[in-house]
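Just below is one structure, and these are the notes that go with it.
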Amino acid sequence: MGDVVGLRVRKKLRTRRALIEAALRLFEEKGYEETTIAEITAAADVSTRTFFSYFTSKEDVVFFDGEARVEAALKVIADRRPAETVVDLLLRVVGHSLDAVTDADLTVELTPARRQLIMTAPALRARGLDLLFETQRRLADALHHAYADEIDPVEAAAAIGSLMGAAYLATTFSMERGETPEQVWATGRRAMEIAIRGLGSIG
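In UniProt numbering, the protein residues as written are 1 to 203.
Here it is in structure tokens:
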């Protein structure tokens, strides 16, 4: 029974990955607005109905890993260790940022292509800003809740804002220098660690 379940899970993961890769490739080749869901499913060799079993829209394909990454960070924050400082917890959040993400390797590989798409497609840029704001709000709320007796909402918001802002700007420069996806991701992680170490006055 376990083998059957495992086979089904692997098949679903392969199908999901095929849809993501097909969509991103077509978005680059044809343009985001010009690409249809029918074209994506044809390229991935699945039905349109199958597409909607995994995603609700083309936008969701571009941000395929967003919710998993946020949930992973929220779990680390919620599981704060006894006597763990804000700085130590945030360093642990960064260190575990991809651990719970199913498509971790795909996340790294597609970072430059997705950033370019988001910057050039108005619908994606708007969606990206909405998701960024909501993610920061959720993480700041969780951080404040975890340290309710030590930091106030402003300090929590400042900590999360500086963390994510550092990562965004550093990865942008990294991509402009033509670095590999792995280097871009490593740059973002290093920037977050630098920002965290500058938060020693909090908590």
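Every residue gets a Cβ at the ideal spot worked out from N, C-alpha and C, and that includes glycine.
For residue i and residue j, which I take to be in contact (beta-carbon distance under 8 Å), what is that distance rounded to the nearest angstrom?
| i | j | result |
| --- | --- | --- |
| L26 | T35 | 4 Å |
| V101 | A123 | The pair is not a contact, with the Cβ atoms about 24 Å apart (cut-off 8 Å). |
Just how far apart, CA to CA, sit residue i and residue j?
| i | j | result |
| --- | --- | --- |
| A167 | A186 | 10 Å |
| A148 | A140 | 11 Å |
| R8 | I151 | 45 Å |
| L199 | V108 | 27 Å |
| E193 | I37 | 39 Å |
| E39 | F51 | 11 Å |
| E71 | L132 | 14 Å |
| D79 | Q136 | 18 Å |
| A42 | D103 | 22 Å |
| M119 | V94 | 25 Å |
| R49 | A195 | 44 Å |
| G31 | E21 | 14 Å |
| I202 | M164 | 17 Å |
| residue 212 | M175 | Because the chain in this structure spans residues 1 to 203, residue 212 falls outside the shown range and cannot be described. |
| R127 | A156 | 24 Å |
| R92 | A142 | 15 Å |
By DSSP, does residue i sit in helix, in strand, or in coil?
| i | result |
| --- | --- |
| residue 205 | Only positions 1 to 203 of the chain appear in the structure, and residue 205 is not among them; the question remains open. |
| V76 | helix |
| E150 | coil |
| D130 | helix |
| T50 | helix |
Practice task
Specify whether the stretch 52 to 60 and the stretch 76 to 88 touch according to this definition: at least 3 beta carbon pairs, one from each stretch, less than 8 Å apart.
Solution key: no
Handout entry: Continuous alpha helix (DSSP H) assignments of at least 4 residues falling wholly in the stretch 92 to 120
Key = 104 to 120
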